[in-house]
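Counted the way this note's numbering counts, the sequence shown spans residues -15 to 162. For every residue, glycine included, the Cβ atom is placed at its ideal position computed from N, Cα and C. Please read these numbers as outputs of a predicted model, since none were measured by experiment.
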Amino acid sequence: MFGHASAGEHLRSVREVLSEKMILSHKYKFIFIKTAKTAGTSIEVFLSKQCGPQDIVTPIAPLIEGHQPRNYEGFINPIPEIVERPGKLFSVLRRTITSRDKFYNHMPAREVRSRVPADVWNSYFKFCVERNPWDKVLSHYHMHAAREGGSLSLDEYLGRGRFPINYFRYTDRWGRKI
């Protein structure tokens, strides 16, 4: 998987895997939780153009004209997230140590909630977008088929059993909507 990659290239690949998106707008008092394979990037680009200078907009890759990331960096205390998800101790520590991103792309709502003041979380409108599951799976398949040079059949993709699932982005550890 890593081949002859340098430590910097490996760190970039780790950051790409972890770089998931969200927007917090103090100007309009909303929190957008981005989900996978639901046109989230298009929505995010549109929303980010409406955001003010104090709002939080996380970066996306590849860069898109008009999308201006801002206010997403900062250090965090990982203890509340470790307590919330004890089985994720090492992934939480790796993310907090290797990145200065306090907020990131596709960030689960429970993490956003732990990183913003309670009055912001409780008073802002929070939303995400979900999609018909079959359409989402087909979109995910086409993305993977393109990455593999068009040689991946739908049967092979389905046989892998790795599908885009978003419920954990907007639920707590007991499966309740946040």
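Can you give me the start and stop residues for the alpha helix (DSSP H) that residue i sits inside?
| i | result |
| --- | --- |
| Met127 | Pro117 to Arg131 |
| Lys33 | Gly24 to Gln34 |
| Ser107 | Ala102 to Ser107 |
| Leu138 | Leu138 to Arg144 |
For residue i, tell me which candidate among the options has the shortest Cα-Cα distance.
| i | options | result |
| --- | --- | --- |
| Gly36 | Tyr125, Phe87 and Tyr12 | Tyr12 |
| Asn116 | Gly133, Arg131, Asn150 and Glu49 | Asn150 |
| His90 | Asn106, Glu114, Val104 and Trp105 | Glu114 |
| Ile27 | Leu142, Met6 and Gln38 | Met6 |
| Val96 | Arg131, Ile48, Arg144 and Thr42 | Thr42 |
| Leu142 | Ser107, Pro46, Cys112 and Trp118 | Trp118 |
| Ala23 | Ser107, Cys112 and Trp158 | Cys112 |
Is the beta carbon of residue j closer than 7 Å to that of residue i?
| i | j | result |
| --- | --- | --- |
| His124 | Lys18 | no |
| Ala129 | Leu136 | yes |
| Arg153 | Pro92 | yes |
So, for residue i: in the same chain, excluding its five sequence neighbours on each side, which residues have a beta-carbon less than 7 Å away from its beta-carbon?
| i | result |
| --- | --- |
| Thr25 | Ile44 |
| Phe109 | Lys13 and Phe14 |
| Glu51 | Just to set this straight, residue 51 is His in the shown sequence, not Glu. Correct list, in chain order: Val29, Ser32 and Ile44. |
| Gly102 | Reading off the sequence, residue 102 comes out as Ala, not Gly. Nothing listed; no residue qualifies. |
| Asp156 | Arg94 and Ile162 |
| Leu138 | Tyr125 |
Beta strand (DSSP E) containing residue i: first to last residue?
| i | result |
| --- | --- |
| Ser98 | No beta strand (DSSP E) contains Ser98, which is instead part of the alpha helix (DSSP H) from Ala93 to Arg99. |
| Ser9 | Met6 to Ser9 |
| Ile48 | Element bounds for Ile48: n/a, residue is neither H nor E. |
| Ile15 | Phe14 to Ile17 |
Quick one: residues in its chain with C-beta nearer than 6 Å to the C-beta of residue i, no 5 flanking neighbours on either side, listed in chain order?
| i | result |
| --- | --- |
| Ile40 | Leu8, Asn55, Tyr56 and Phe87 |
| Lys120 | Lys21 and Pro148 |
| Arg146 | none |
| His10 | Gln38 and Asp39 |
| Ala(-9) | Confidence is the limiting factor: at Ala(-9) the pLDDT is only 40, short of 50, which leaves the residue's position unreliable and the question unanswerable from this model. |
Apart from the five residues on each side of it in sequence, which residues of its chain come closer than 8 Å, Cβ to Cβ, to residue i?
| i | result |
| --- | --- |
| Met127 | Lys21 |
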